Structures are given as structure tokens and as C-alpha cells.
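The sequence shown begins at 473 in this note's numbering and counts up one residue at a time. Following: one structure in C-alpha cells, then a few remarks.
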Amino acid sequence: MASFPPVRAVERALDLLQCLNRQPVSTLDELYRATGLPRPSLVRLLQTLIGKGLVKHAPQYGAYYVTSGVLALSSGYHSEPRIIEAAATVVDAITAAVKWPVALAVFDGNAVIVRYSTISQSPLSLLHSSLNMRLSLVSRSLGRAYLAFCPPDECQIIVQSLRQSAHPEDQPVHDAAKLQAMLEQTRAQGYALRSKDVRPVSNTLAVPVFENGHVMASIGLTWFSSALDTDAAVSSYLPRMQEAARDIESRLNAMGVGAPPAASRTAVQPTLRKRRIGLQKRVVRSPGNAANK
């Protein structure tokens, strides 16, 4: 909690911006009803926001609307911190309940990369840390859970890129029939497991995390093979992991615009053109050095 009173003028300005964001144009009366702020205060705030290039006035309509300048306010906030913010407390709760570590991974060119992990909260882990670990899309469960649920055209592009990889864990990509069977099985069952050829001392159960029908990340729970067989682990933990993925999706939706691109808003005059919030294109980079372990 802050040790000093909030700056009321800042609170009012932010409340006003939020109201302006809810519809293409807003009249002074609409803003007054939505914010409860005195009209003279609203006018002063609007004039200040206009001066900062964040709002414009359409006098012929007696209305105000936000400009593209507001995009700069969120330019430093990208998908990764957003997904971490949505997922952290959810996966923390899993580890608190079952003790096994859980990781969150996102797509990164020719692999997935771990961006959040509960290893530090788990008494049952083989690794000191898995943060920033790059994991194969075709051999590791977190990668498989992501790749299998990509749109077909995106999946094809990623697979073509992986065929250029020299990493041993990416070599299954060259057996098209087995790769296709693995992807189809993963889609059908709704989860992925690690290849039996990779680190058999443990295994990971991973599920995709969606937003508006588009896969955004994957989460995986890891256990010791000596402590639990695969069937028992899936039976015990799959419902919890799938519930967690749905919870993260709900949190992402509640946080606002993500993927896919939101529909643009209808213009009311030439200067109020459609504004479309675009999802950053996924760029498949040349394979780098994968620090898979």
C-alpha cells in the first residue's frame, strides 16, 4: 500500500482515458455520466489530453475520441509480461497444492522458451532453474503442446524452419509420418508428453494456453519418473492443468485486447478512420543455439 495519498488529478485523467477507450467517440454528457466528474474539470482534463496528443475534439459532433498517440502508452508492454501476469498466480497455486514444479513457455523462433517457473517454490525439482531454457518443439512436451495447436499454415512454417536445425532433439522433424502422428495424437488427447528419448529420469505433462482460440503459450508440470508412472500422472494432474489453462485464458481475456487482432471500430467521419489493434506477426527466425537440457 502506498505511504502517501494518491494524486487525484492523475486518477481522474486515467479514469477519463478509460472511458474514452470504451467507444469510438464520446460526448461531454456521456463522459460526465460515466465518470461523475464536474463538467469544468472534464473540459480541463480533455484540453490537457488534447495538448498531449492523446485525444482529439470533433466539434461538429460535439464529441471527443482517442488518437493513435495512446498506443505509445502501452508500447513497452508486450505479450510475454502479459501472459506471465495472467499465469503466475495460477501455476503458483498448482505447485503449492501438488509440490511438483510447473513452467510456462512461449514461442521463440525455432523453440519454446521458459519464461516463468515455480522451481524455486517446489521441493521436488531436478534443476536449480529452468528460466530462459530453450526447449524443442518436437521432443519436449511444452514445445509439442504449443506446436500441435498452432494453425496449420503456421505449424507448417515452423516445421520447415526446424528442418534446418542441427540440434539432436529437433531431428524427429525429418520423419514426417511420426511427426504428424505425434501432432494428431497431441491434438486428440489435449495434452503433450516429453519424448521417451529425452531425459527419461523425469517427464512433463503440458497443455496449451489459448486466447480467443489462438494458442499463446503452454504450461507443463514435471515429476520424477521413479515417483510416478505416466498414466498415473496424467490421471492425477491433467484435469488440474486443463483447468489452469482455462483460468489463464479467462485472465487474459479480462486483461483486454490480445490475440487475434480485435475488430476495428467504425469511422464516423474521414478523420475518425478505423483503428485496428494489430497482433505482432510471429517471425520464425533462423535456428539458434538451443540450450536444451
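Each residue gets a CB set at the ideal place from its N, CA and C atoms; glycine is no exception. It should be emphasised that the depicted structure is a prediction, and the values quoted were computed from it without experimental measurement.
Three-state secondary structure (DSSP) of residue i
i, result
"H646", "helix"
"N675", "strand"
"A660", "helix"
"L489", "helix"
"D665", "Per the sequence presented here, residue 665 reads as Leu, with Asp not at that position. Strand."
"A699", "coil"
"V755", "Legend: pLDDT at V755 = 33, less than 50; position of this residue unreliable, no value from coordinates given."
"V497", "coil"
"D482", "It is worth fixing the name first, because residue 482 is Val in this sequence and not Asp. Looking at V482 - three-state DSSP - the assignment turns out to be helix."
"I711", "The displayed chain sequence assigns Pro, not Ile, to residue 711. Helix at P711."
"A704", "helix"
"A717", "helix"
"D638", "Checking the displayed sequence, the identity of residue 638 turns out to be Ala instead of Asp. If DSSP states are grouped into helix, strand and coil, A638 belongs with coil."
"F476", "coil"
"T738", "Residue placement at T738 cannot be trusted, given a pLDDT of 29 that sits under 50; the coordinates are not used to answer."
"P624", "helix"
"L744", "Here L744 scores only 31 on pLDDT, less than 50, and its place in the model should not be relied on; the value that follows carries that caveat. It is coil, neither helix nor strand."
"G750", "Residue placement at G750 cannot be trusted, given a pLDDT of 29 that sits under 50; what the coordinates show is reported in the next sentence. Here G750 sits in coil by DSSP."
N- and C-terminal bounds of the beta strand (DSSP E) containing residue i
i, result
"G692", "H686 to F696"
"T507", "Unbroken run through T507 is the alpha helix (DSSP H), L500 to T507; no beta strand (DSSP E)."
"V670", "Premise fails: V670 is in no beta strand (DSSP E) and is neither H nor E."
Residue i and residue j closer than 8 Å at C-beta
i, j, result
"A716", "V562", "yes"
"G679", "Q652", "The identity of residue 679 in the sequence shown is Val, whereas the question assumes Gly. Cβ distance not < 8 Å, so V679 and Q652 don't count as in contact."
"L724", "A558", "yes"
"V586", "L607", "yes"
"V554", "R612", "The identity of residue 554 in the sequence shown is Arg, whereas the question assumes Val. No, the pair does not count as a contact, with Cβ atoms beyond the cut-off."
"S513", "R484", "yes"
"D434", "V610", "Past the boundaries of the shown model lies residue 434; the chain is included only from 473 to 765, so the question cannot be answered."
"S589", "L598", "no"
"V681", "E626", "no"
"V584", "S674", "no"
"N582", "S637", "yes"
"L677", "L700", "no"
"L576", "I591", "no"
"A535", "T499", "yes"
"F476", "L596", "no"
"R712", "I566", "yes"
"R511", "Y504", "yes"
"A648", "R616", "no"
Any C-beta of chain C under 8 Å from that of residue i
i, result
"T676", "The question asks about chain C, but that chain is absent: this structure has only one protein chain."
N- and C-terminal bounds of the alpha helix (DSSP H) containing residue i
i, result
"L517", "R511 to G523"
Are the segment 611 to 622 and the segment 657 to 676 in contact at 8 Å, needing three or more beta carbon pairs?
yes
Tell me the start and end of each unbroken alpha helix (DSSP H) in the segment 532 to 619 that is at least 4 residues and wholly inside, in chain order.
The DSSP assignment places 551 to 570 and 613 to 619 as complete runs of the alpha helix (DSSP H) inside the segment 532 to 619, in order along the chain (cut-off: 4 residues).
Is it the case that the segment 520 to 537 contacts the segment 485 to 501, given that we only count it when at least three CB pairs across the two stretches are under 8 Å?
yes
Does the pairing of the segment 622 to 642 with the segment 565 to 578 give three or more beta-carbon distances under 8 Å?
Output reads no: the segment 565 to 578 does not touch the segment 622 to 642.
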